[in-house]
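Residue 244 is where the sequence shown starts when you use the working numbering, and the numbers rise one by one after that.
Built from N, CA and C at the ideal position, the CB exists for glycine as well.
Quick notes on the structure that follows.
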Amino acid sequence: MLDSLSVPVPSFSSLLIVGGLFLVLVYINSRSKIAQTPFEYDQLLVSRLNQLGMTSFVSLQQKSGLTGSRLRQVRGGKLASLTLQELTQIATALGWTIEELLFNFGVENTASFKKLIEIENLRRECLRLREELQQQSVDLTTEFRHSTFQQLQTLLTNYPSVRQLVQVKPDLPAKNLTSLFTSLDNLLESWGYQPIGQAWEQVPYNPQLHQPDAGDIEPGELVYIRFIGYREGEQILCPAKVSRTLPKVTSS
């Protein structure tokens, strides 16, 4: 009778499984308690997060880009273990400067932190100057374009019509069109660009000012300017192209 009422004894493998599950639950419970344990500066950080509309430390971690372990060091006030980049990241995420971050955490103004603050101030100043230079570059480019367009406006607005007119009347005398290029002359003059010679002018060859069409032209030899060049003071922008002869032009 007693044999029929015997209780089955659990196998060794079953005991191992139950024991393993128990250990896992204990570990999870301990980690949960650790996660729920407030750090020294949690109250300060939670207050700041509420001001910024952030709901959790997870949001702060995502915004700052810090790892979980680094954020826990921040929550514990261990700012000295963070790099300058990490201090900058957490300060920016909290809407503070590094000085404000250190002050709010009650960090003593030691020589090392003074150096960090100086470096951060230099970094911000460099960023400000770079942005200012970029904006100045944009402004100068825009101003230059507007100024150039105003000086060339007559040519730019009349050229399309003249091109159409030449297609209709291909025998239109070129002298009727030369007045259009006055604006170009005015623009070059305003830039301080000076022409090197005049078209078809005969001058002594100067290798500093002229580009010959033949390699045997000697300095001082008389040549004709086929195409003028330009200079700005002593700087030669482009030399005048010269030749011993002028192009043959057939009069109509």
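1. To the nearest angstrom, report how far apart Asp456 and Asp382 are at their CA atoms.
2. My understanding is that Gln445 touches Leu465, with C-beta atoms under 8 angstroms, so please give their C-beta distance in whole angstroms.
3. Between which two residues does the beta strand (DSSP E) holding Ala336 run?
4. Counting along the chain, where does the alpha helix (DSSP H) carrying Leu496 start and finish?
5. Go through its chain and collect everything with a Cβ distance to Leu337's Cβ below 6 angstroms, but skip five positions before and after it.
6. With a Cβ-Cβ cutoff of 8 angstroms, do Lys484 and Arg474 count as a contact?
7. Does the beta-carbon of Ser390 have 16 or more other beta-carbons within 10 angstroms, so that it is buried, or is it exposed?
8. Contact defined as beta carbons within less than 8 angstroms: I believe Pro403 pairs with Ile439. What is the distance between those atoms, to the nearest angstrom?
9. Looking at the structure shown, is Lys484 part of a helix, part of a strand, or coil, going by DSSP?
10. Could you check how far apart the C-beta atoms of Leu423 and Leu452 are, in whole angstroms? I think they sit under 8 angstroms.
11. Kindly indicate which residue of Ser486, Asn347, Glu477 has the alpha-carbon position closest to the one of Pro462.
12. Do you know offhand how far Lys276's Cα is from Glu361's?
13. Do you know offhand how far Ser312's Cα is from Gly319's?
14. Does DSSP put Pro455 in a helix, in a strand, or in coil?
Taking the geometry as given:
1. Using only the alpha carbons, I get a separation of about 42 angstroms.
2. Yes, Gln445 and Leu465 are in contact; Cβ-Cβ is about 6 angstroms, under 8 angstroms.
3. Ala336 -> not in any beta strand (DSSP E); alpha helix (DSSP H) instead, spanning 327-336.
4. Residue 496 is absent from the model: the chain starts at 244 and stops at 495.
5. For Leu337, same chain residues with a beta-carbon under 6 angstroms away, outside a window of 5 residues either side, are Arg291 in chain order.
6. No, these two residues do not count as a Cβ contact at 8 angstroms.
7. It is exposed - the Cβ of Ser390 has fewer than 16 other Cβ atoms within 10 Å.
8. Rounded, the Cβ-Cβ distance is 31 angstroms, inconsistent with contact.
9. In this structure, Lys484 counts as strand in the three-state DSSP scheme.
10. Rounded, the Cβ-Cβ distance is 28 angstroms, inconsistent with contact.
11. From the listed residues Ser486, Asn347, Glu477, the smallest Cα separation to Pro462 is found for Ser486.
12. For Lys276, the predicted structure reports a pLDDT of 42, less than 50, and the residue's modelled location is therefore unreliable. A value from the coordinates is still provided. Lys276 and Glu361: Cα-Cα distance of roughly 40 angstroms.
13. Cα-Cα distance, rounded: 11 angstroms.
14. Note: Pro455 maps to strand in three-state DSSP.
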